[in-house]
Amino acid sequence: MDRRTFLKRLGIGSAGVVGVSAPIGTYAAGHHFGESQAAGNFSASVVAGERHGRANLWWSVEAGQKVLALTFDDGPTAQFTAKVLDVLDTYHVPASFFLIGEMVNRRPDDVRRSIEAGHEVANHTFDHLSASIQTPDEIRRTMERGADAVADVLGHRPRWFRPVKGHITGAVLNSAAELHHDIAVWAYGRGPVAGSPGVLADNDVAGVRNYMIDNVFDGAIVILHDGIGRSAWEWSGPDEQLVTQRTAEVEALPAVIERYLADGYEFVTITKLIDGYGPATS
Ligand SMILES: [Zn+2]
Numbered sequence: 002m003d004r005r006t007f008l009k010r011l012g013i014g015s016a017g018v019v020g021v022s023a024p025i026g027t028y029a030a031g032h033h034f035g036e037s038q039a040a041g042n043f044s045a046s047v048v049a050g051e052r053h054g055r056a057n058l059w060w061s062v063e064a065g066q067k068v069l070a071l072t073f074d075d076g077p078t079a080q081f082t083a084k085v086l087d088v089l090d091t092y093h094v095p096a097s098f099f100l101i102g103e104m105v106n107r108r109p110d111d112v113r114r115s116i117e118a119g120h121e122v123a124n125h126t127f128d129h130l131s132a133s134i135q136t137p138d139e140i141r142r143t144m145e146r147g148a149d150a151v152a153d154v155l156g157h158r159p160r161w162f163r164p165v166k167g168h169i170t171g172a173v174l175n176s177a178a179e180l181h182h183d184i185a186v187w188a189y190g191r192g193p194v195a196g197s198p199g200v201l202a203d204n205d206v207a208g209v210r211n212y213m214i215d216n217v218f219d220g221a222i223v224i225l226h227d228g229i230g231r232s233a234w235e236w237s238g239p240d241e242q243l244v245t246q247r248t249a250e251v252e253a254l255p256a257v258i259e260r261y262l263a264d265g266y267e268f269v270t271i272t273k274l275i276d277g278y279g280p281a282t283s
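Note that this note's numbering has the sequence shown beginning at 2, numbered continuously upward.
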């Protein structure tokens, strides 16, 4: 999929972003980006209205060498964040954490620990609701509150934003541009999601490990989780299926990192991956 096609599928057209309100999650799912990357395309850049500037969207770069960015979504949580940080410490690898603002407010010490360990922290909305069910005002508000929650710990708003479930609408792009966020989605994660061929059992640690080893490529942004989404604090409590899936990801993590290191991969933050290995975007 070339850039024009990508923008067209977003419903945007090549001239800029205007009033896209329909959810486009089908195209935002990580494995679609992975396929398009294989054809040599790795980013989209959109002009989000002449007044508001521009938001760049990334899922990988053509790095030309063995480098990748591990990312963790939906934290911080009591269940997973410390475990993930311990594993990253053990192997001395940096990662990037896409944080939910509500959880940042509840567990700022976990965020401090991440920052002090050299990891990058980023915005994954305040309330972890999909943009596909929010109005443009709600999208803008949750993005801004998420950025401010991170800023309370980090000292400034983070550069990076990741939309919930990868759902991107015109309002997401516009708000990202207004807030000077770049958008990072992902190239691959734990494996095929429910409803896709080859879907893994929720607790299949070996399956997750093998999928992640088989699908690695230079310049990839990789998605994992140290949280369980909105159910961490609302609705009927943690979604047990997600807890099982996240547990399998975290249990697979050491073996995945070991293999990547053995294969010569360098781990970098999102900022280092994009600024160090991506094409210039300005
Ligand atoms: Zn999420």
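From the three backbone atoms N, C-alpha and C, an ideal C-beta is built for every residue, glycine too.
Values in this document were obtained by computation on a predicted structure and should not be read as measured data.
Nearest-angstrom Cα separation, counted from residue j out to residue i
i	j	result
Val-206	Gly-54	43 Å
Asp-90	Gly-65	27 Å
Val-122	Ile-101	10 Å
Gly-265	Thr-136	45 Å
Val-88	Pro-280	31 Å
Asn-42	Gly-228	Note that Asn-42 scores a pLDDT of 37, beneath 50, so its modelled location is shaky; the value from the coordinates is reported in the next line. Straight-line Cα distance between these residues: approximately 30 Å.
Thr-78	His-129	14 Å
Pro-95	Ile-134	33 Å
Ala-249	Gly-119	25 Å
Gly-277	Ser-237	43 Å
Thr-82	Gly-190	17 Å
Glu-179	Met-104	24 Å
Ser-115	Leu-58	24 Å
Val-165	Asp-138	16 Å
Asp-110	Asp-75	15 Å
Val-186	Trp-60	5 Å
Asp-149	Glu-63	32 Å
Val-209	Ala-253	7 Å
Arg-108	Met-213	29 Å
Thr-245	Thr-126	23 Å
Ala-263	His-93	14 Å
Val-194	Gly-147	26 Å
Gly-230	Asn-216	25 Å
Ala-70	Val-257	13 Å
His-182	Glu-235	27 Å
Phe-218	Lys-67	8 Å
Ser-197	Leu-225	18 Å
Leu-86	Val-151	18 Å
Ile-184	Glu-259	28 Å
Ala-221	Ile-271	10 Å
Asn-211	Arg-141	38 Å
Val-154	Gly-192	32 Å
Phe-99	Phe-73	6 Å
Leu-174	Ile-275	18 Å
Residue i, DSSP secondary structure in three states
i	result
Ser-97	strand
Asn-175	helix
His-32	At His-32, the pLDDT of 32 sits below 50, so the modelled position is not reliable and the matter cannot be decided from this model.
Val-112	helix
Tyr-189	strand
Asp-74	strand
Arg-55	strand
Ala-123	strand
Ala-23	In this prediction, Ala-23 scores a pLDDT of 27, lower than 50, which makes its location untrustworthy; the coordinate-derived value is nonetheless stated afterwards. Note: Ala-23 maps to coil in three-state DSSP.
Glu-267	strand
Leu-180	coil
Leu-86	helix
Ser-131	coil
Leu-155	helix
Ile-201	Reading off the sequence shown, one finds Leu at residue 201, where the question assumed Ile. DSSP places Leu-201 in coil when its eight states are reduced to three.
Val-354	An answer regarding residue 354 cannot be provided, because it is not within the stretch 2 to 283 covered by the chain.
Leu-274	helix
Distance cut-off 8 Å: residue i Cβ against heavy atoms of ligand 1
i	result
Gly-147	no
Taking a cut-off of 6 Å, which residues have a beta-carbon closer than that to any heavy atom of ligand 1, in chain order? Asp-74, Asp-75, His-125, His-129, Val-165, Gly-230
Every unbroken alpha helix (DSSP H) within the segment 218-269, with a cutoff of 4 residues, ordered by chain: 241-263
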